[in-house]
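Trainee: Got a structure for you, written out below as structure tokens; questions coming shortly.
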Amino acid sequence: MPQQETRLSHLPEWKAWKEEGDIDAKKMLIEQYLPLVDYVVNRLAVGLPRNVSRDDLSSHGVMGLIDAIEKFDPGRGLQFETYASWRIRGSIIDGLRQNDWVPRSVREKAKKLEEAYQTLEQTYLRSVTDAEICAHLGLNEQELQQMLQDVSVTTICSLEDPIKDEEAETRIQLLIDDKAKKPEDAVHHVFLREELAKAIDKLTEKERTVVSLLYYEDLSLTEIAEVMSLTPSRISQLHSKAMMRLRGTLNRAKTLLFHEQ
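Heads up, the sequence shown is in full-length UniProt numbering, so the first residue is 1 and it goes up one at a time.
Encoded structure:
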């Protein structure tokens, strides 16, 4: 990712755009931050089908960058590169979804897998093995690995998506302003973080490594494959399994949390 600075870059252009509405300054900011679009596109493209055009990803990403520049408030103290990356990624994913980039059959497979992990791990109170998942779904090992590969494109999500169905609050709203949380929201946040930490601890060693390198070390799936001496498709499968397990755990935690209110 382009190196982030501790101070806001291109401050004169930001002032000219935000304080004076200078269109030329806005254009300069777009040009300066275009490498962010390339960075996000390269990361997302690894897990997408080959028929998805990088040009289409870039087009959606540029729209997200423009939206970020228009909505960014330099006075909030946020790093623009981080904020813009959220917006770019969300714009790309939203654009792909509008174009039906994931077939219904793939989404049905993802739902079936997620329900299988959730049901079995709630029953056994531990991480289940591939053999147990296979037995539950009536698959062999090769069919399961192919299924995980197929649904890998569904394990990315947009920060613009609602946190819960039929609600307006989105993930990015929580990330932008965490100073205005109510006390009960803070308690819920701590509870969910604790549950997530427990869920991560229950992952297999390889799954934990993939999650750590992807979300904490900011490596791409291709880079993780090189580090772990595995193929990118195998890394994608490990990531899919980890996401299914974590989603199941968090869904159970949220159900418990909201039922107790």
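Just so you know, even glycine gets a beta-carbon here, dropped at the ideal spot from N, CA and C.
Note that the coordinates shown come from a computational prediction; the quantities given were computed from them, not determined experimentally.
Am I right that Val106 and Asp56 are in contact with their C-beta atoms under 8 Å? What's the rounded C-beta distance?
Mentor: Counting from one through the sequence shown, the residue named residue 106 turns up at place 106. Counting from one through the sequence shown, the residue named residue 56 turns up at place 56. Actually they are not in contact, since the Cβ atoms of Val106 and Asp56 sit about 18 Å apart, beyond 8 Å.
Trainee: Please report how far the alpha carbon of Arg87 lies from the alpha carbon of Thr209, in whole angstroms.
Mentor: Walking along the sequence shown from the start, residue 87 turns up at place 87. Walking along the sequence shown from the start, residue 209 turns up at place 209. C-alpha separation (whole angstroms): 27 Å.
Trainee: Looking at the unbroken alpha helix (DSSP H) that takes in Val211, where does it start and where does it end?
Mentor: Translated into positions along the sequence shown, residue 211 becomes position 211. That run of the alpha helix (DSSP H) goes 205-215.
Trainee: Tell me whether Leu11 is buried or exposed, calling it buried when 16 or more other Cβ atoms sit within 10 Å of its Cβ.
Mentor: Along the sequence shown, one-based indexing puts residue 11 at 11. Classification for Leu11: exposed.
Trainee: Which one of Asn42, His60, Lys241, Ala16 has the shortest CA to CA distance from Gln145?
Mentor: As a position in the sequence shown, residue 145 is number 145, starting the count at 1. When only C-alpha atoms are compared, the closest one is Lys241.
Trainee: Select from Leu113, Val40, Val227, Asp218 the residue whose C-alpha is nearest the C-alpha of Leu65.
Mentor: Here residue 65 refers to the residue found at position 65 of the sequence shown. Of the listed residues, the one whose Cα sits closest to Leu65 is Val40.
Trainee: With DSSP collapsed to three states, give me the class of Arg126.
Mentor: Taking the first residue of the sequence shown as position 1, residue 126 is located at position 126. Residue state, collapsed to three classes: coil.
Trainee: Spatial neighbours of Val37 within its chain, please: C-beta separation below 7 Å, excluding the five flanking residues on both sides.
Mentor: Looking up residue 37 in the sequence shown gives position 37. Excluding residues within five positions, the ones whose Cβ falls inside 7 Å are Ser58, Gly61, Val62, Leu65, Ile88.
Trainee: At the level of alpha carbons, what is the spacing between Cys134 and Leu113?
Mentor: Residue mapping note: residue 134 aligns to position 134 of the sequence shown, counting from 1. Residue mapping note: residue 113 aligns to position 113 of the sequence shown, counting from 1. Straight-line Cα distance between these residues: approximately 10 Å.
Trainee: Contact check, Asp54 vs Ala45 under 8 Å by CB: the rounded distance?
Mentor: Taking the sequence shown and counting its residues from 1, one reaches residue 54 at position 54. Taking the sequence shown and counting its residues from 1, one reaches residue 45 at position 45. Here the sequence assigns Arg to residue 54, which means Asp is not the residue at that position. With 8 Å as the limit, Arg54 and Ala45 qualify as a contact, their Cβ atoms being about 6 Å apart.
Trainee: Does the distance from the C-beta atom of Leu221 to that of Leu213 stay below 7 Å?
Mentor: Taking the sequence shown and counting its residues from 1, the one referred to as residue 221 is at position 221. Taking the sequence shown and counting its residues from 1, the one referred to as residue 213 is at position 213. Cβ distance not < 7 Å, so Leu221 and Leu213 don't count as in contact.
Trainee: Contact check, Ala199 vs Arg245 under 8 Å by CB: the rounded distance?
Mentor: Along the sequence shown, read from residue 1 onward, the residue named residue 199 stands at position 199. Along the sequence shown, read from residue 1 onward, the residue named residue 245 stands at position 245. The pair is a contact, with the Cβ atoms about 7 Å apart (cut-off 8 Å).
Trainee: Classify Gln118 as helix, strand or coil using the three-state DSSP reduction.
Mentor: Here residue 118 is taken as the residue at index 118 of the sequence shown, counted from 1. Three-state result, Gln118: helix.
Trainee: Short check: CB of Trp17 to CB of Lys27, under 7 Å?
Mentor: Translated into positions along the sequence shown, residue 17 becomes position 17. Translated into positions along the sequence shown, residue 27 becomes position 27. Taking 7 Å as the Cβ cut-off, Trp17 and Lys27 do not qualify as a contacting pair.
Trainee: If we ignore side chains and look at the alpha-carbon of each, how far apart do Leu137 and Ile93 end up?
Mentor: The count along the sequence shown starts at 1 and reaches residue 137 at position 137. The count along the sequence shown starts at 1 and reaches residue 93 at position 93. One C-alpha to the other measures close to 29 Å.
Trainee: Is it right to say Ala116 is buried, meaning 16 or more other beta carbons lie within 10 angstroms of its own, or is it exposed?
Mentor: Stepping through the sequence shown from its first residue, residue 116 is reached at position 116. With 16 or more other Cβ atoms within 10 Å, it is buried.
Trainee: Any idea if Tyr33 is buried or exposed, counting beta-carbon neighbours within 10 angstroms, 16 or more meaning buried?
Mentor: On the sequence shown, position 33 is the one that residue 33 refers to. Tyr33 should be labelled buried.
Trainee: Within 10 angstroms of its Cβ, does Arg76 collect 16 or more other Cβ (buried), or is it exposed?
Mentor: Reading the sequence shown from its first residue, position 76 is the one you call residue 76. Looking at its Cβ environment, which holds fewer than 16 other Cβ atoms inside 10 Å, Arg76 is exposed.
Trainee: What separation, rounded to the nearest whole angstrom, lies between the Cα atoms of Leu148 and Glu20?
Mentor: Mapped onto the sequence shown, residue 148 falls at position 148. Mapped onto the sequence shown, residue 20 falls at position 20. Cα-Cα distance, rounded: 51 Å.
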